[in-house]
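If you read the sequences in order, they're chains A and B.
Numbered by my numbering, the letters in the first sequence go through residues 1 to 216 in order.
Numbered by my numbering, the letters in the second sequence go through residues 1 to 171 in order.
Working notes, structure below.
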Amino acid sequence: MPVPAHLEFFIDPSRCIGCQACVQACRECDSHKGQTMIQLDYVDRSLSTQTVPVVCMHCDVPTCAEVCPADAIKRTEDGIVQTARKPRCIACNNCVLACPFGVPKMQTSMNLMMKCDLCYDRTSVGLMPMCATVCPSQALHYGTREEIERLRPRSMPIDTFQFGSQVIHTRVRMMVPRNDPPAAIDVTGAFDLAPAPQDMAPDPLLANLYVEEPAG
Amino acid sequence: MTPDDRERAQPHWRRDFPIDWPEAQWVARREFVKFLMPVSLAFAVGQVWLLWRGWRRASAPAPAPARIARVSDVPIGGAMLFEYPAGSPSRILVRVDESTFVAYEQQCTHLTCPVLPAVEREELICPCHHGVFELRTGRPIAGPPRRPLARVTLEVRDGWVQATGIEARTV
Numbered sequence: 001m002p003v004p005a006h007l008e009f010f011i012d013p014s015r016c017i018g019c020q021a022c023v024q025a026c027r028e029c030d031s032h033k034g035q036t037m038i039q040l041d042y043v044d045r046s047l048s049t050q051t052v053p054v055v056c057m058h059c060d061v062p063t064c065a066e067v068c069p070a071d072a073i074k075r076t077e078d079g080i081v082q083t084a085r086k087p088r089c090i091a092c093n094n095c096v097l098a099c100p101f102g103v104p105k106m107q108t109s110m111n112l113m114m115k116c117d118l119c120y121d122r123t124s125v126g127l128m129p130m131c132a133t134v135c136p137s138q139a140l141h142y143g144t145r146e147e148i149e150r151l152r153p154r155s156m157p158i159d160t161f162q163f164g165s166q167v168i169h170t171r172v173r174m175m176v177p178r179n180d181p182p183a184a185i186d187v188t189g190a191f192d193l194a195p196a197p198q199d200m201a202p203d204p205l206l207a208n209l210y211v212e213e214p215a216g
Numbered sequence: 001m002t003p004d005d006r007e008r009a010q011p012h013w014r015r016d017f018p019i020d021w022p023e024a025q026w027v028a029r030r031e032f033v034k035f036l037m038p039v040s041l042a043f044a045v046g047q048v049w050l051l052w053r054g055w056r057r058a059s060a061p062a063p064a065p066a067r068i069a070r071v072s073d074v075p076i077g078g079a080m081l082f083e084y085p086a087g088s089p090s091r092i093l094v095r096v097d098e099s100t101f102v103a104y105e106q107q108c109t110h111l112t113c114p115v116l117p118a119v120e121r122e123e124l125i126c127p128c129h130h131g132v133f134e135l136r137t138g139r140p141i142a143g144p145p146r147r148p149l150a151r152v153t154l155e156v157r158d159g160w161v162q163a164t165g166i167e168a169r170t171v
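Shown next, in the form of structure tokens:
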């Protein structure tokens, strides 16, 4: 049974409190074989407590499936990009390297790429994904578009991401401020900026890693 | 059409290996017919070949009678292998009692393993998959084989056991 199209997944990183509940709950999903498919990213650990849960965005044009040489990554009719088919996956890591969001994970013990499949065993029978069930701040929300607009009047969902020249539309939505919504979330934009201003506080982790060589 | 117009950049083999599962599972009528025609043709040709082979076998001349063993050389309950006609797959001669000899092709009709005589139980046993044949008739009584062993017709004359022909049987 396909996942109903009117139920969507919303990520609101500004609500994420970094509690790791989603990471732990993800293991409980039957289709994940006891492995967690979510990782909690720290945006800049030395400067902020902001965290972002990384789940699969289920792209319209999935880069992971495009680069798969073994035809192992498939998308079902409801737009869910599934874990690699076990008989086909050759554990080449192409998808792991290619995914702009960094979602696929190579399970070397099984020689199988596994990724977030929106808890397909649950969502295909009308349940919520595990992570959205447990998230205490509802940074991960699973529901209809009307529901999220009623619950978050100051945010709006966006499904367009920009990675350099690659534009990606996704099935999973990211919440952005409603008063000044960007046309697309420019993920790699921060890398293209001019060198950081001199008065910026140095990253204490990096500052201790590199010691300048004495001149002469 | 994809958002950033990359449909055109897709390699041509992508049409044969689509990412979307419903497309990948789709079997077009033309593809199915392309598969069906050669397969049914192969079956039809196979039928003709089987008929031709059966006809050729039936019309082959019977091998000339040949002496294969002295009666006194085979003890009661004993067995020996022989080739009839010379160069054929090995066949087995068994002396059941004082005056009864039987001879069969030694290949089990299941997967052509050599069968072994168990004279005290009046059976021929194939050790590969525990196929069992009746010793006196060569008919299968247990295990995977379903067809009887090909029998060599025998004649005892002047103290010699003589093979006079091969009786290939399907039932």
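C-beta: ideal position from N, C-alpha, C; glycine also.
Buried or exposed (CB count within 10 angstroms, at least 16 for buried), residue i
i      : result
B/H12  : exposed
A/D117 : buried
B/D158 : exposed
A/G126 : exposed
B/E105 : buried
B/G131 : buried
A/R171 : buried
A/M1   : exposed
B/I179 : Any answer about residue 179 of chain B is impossible in this case: the structure gives chain B only from 1 up to 171.
B/A150 : buried
B/F82  : buried
A/A65  : buried
A/M175 : buried
B/I141 : exposed
B/F133 : buried
B/L154 : buried
B/S59  : exposed
A/P157 : buried
A/M57  : buried
B/V161 : buried
A/M114 : buried
B/L50  : exposed
A/E8   : buried
A/F101 : buried
A/K105 : buried
B/V39  : exposed
A/Y142 : buried
A/A132 : buried
Contact set between residue i and chain A, taken where Cβ atoms lie within less than 7 angstroms
i     : result
B/F17 : D71
B/P22 : E77
Which residues DSSP lists as bridging residue i, in chain order
i      : result
B/R67  : B/Q162
A/V81  : A/R75
B/V152 : B/I166
B/A103 : B/L93
A/M106 : A/M113
B/R157 : B/W160
Expected contact under 8 angstroms - CB spacing of residue i and residue j to nearest Å
i      : j      : result
A/I73  : A/P62  : 7 angstroms
B/V156 : B/V94  : With 8 angstroms as the limit, B/V156 and B/V94 do not qualify as a contact, their Cβ atoms being about 14 angstroms apart.
A/I11  : A/A139 : 7 angstroms
A/C16  : A/P53  : 6 angstroms
B/L124 : B/L111 : Their Cβ separation, rounded to whole angstroms, is 15 angstroms, which puts B/L124 and B/L111 out of contact at 8 angstroms.
A/N94  : A/V67  : 5 angstroms
B/R139 : B/P148 : 5 angstroms
A/P177 : A/R154 : 7 angstroms
B/Q115 : B/C108 : Per the sequence shown, the amino acid found at residue 115 of chain B is Val instead of Gln. Sure, about 5 angstroms apart at Cβ, within 8 angstroms.
A/T123 : A/V3   : 5 angstroms
Beta-carbon neighbours of residue i, restricted to chain B and to distances below 8 angstroms
i      : result
A/K74  : I19, D20, W21 and A24
A/A190 : Within 8 angstroms Cβ-Cβ: nothing; A/A190 doesn't reach chain B, min ~21 angstroms.
A/A65  : I19
A/P233 : A question about residue 233 of chain A goes unanswered here, because the residues of chain A that appear run from 1 up to 216.
A/P62  : I19
Residue i at chain D interface by Cβ criterion, 9 angstroms
i      : result
A/Q107 : Absence of chain D from the displayed structure is noted, the protein chains being A and B.
### Continuous beta strand (DSSP E) assignments of at least 3 residues falling wholly in the segment 136-193 of chain A
140-143, 155-163 and 166-177
### Runs of beta strand (DSSP E) lying entirely within the segment 108-148 of chain B, each at least 3 residues, in chain order
116-118, 123-126, 131-134 and 140-142
#### Entry: Completely contained beta strand (DSSP E) runs for the segment 17-88 of chain B, where each covers 3 or more residues
66-70 and 79-82
### Task
Mind listing, in chain order, the continuous beta strand (DSSP E) runs of no fewer than 3 residues lying wholly within the segment 1-86 of chain A?
8-11, 39-42 and 51-54
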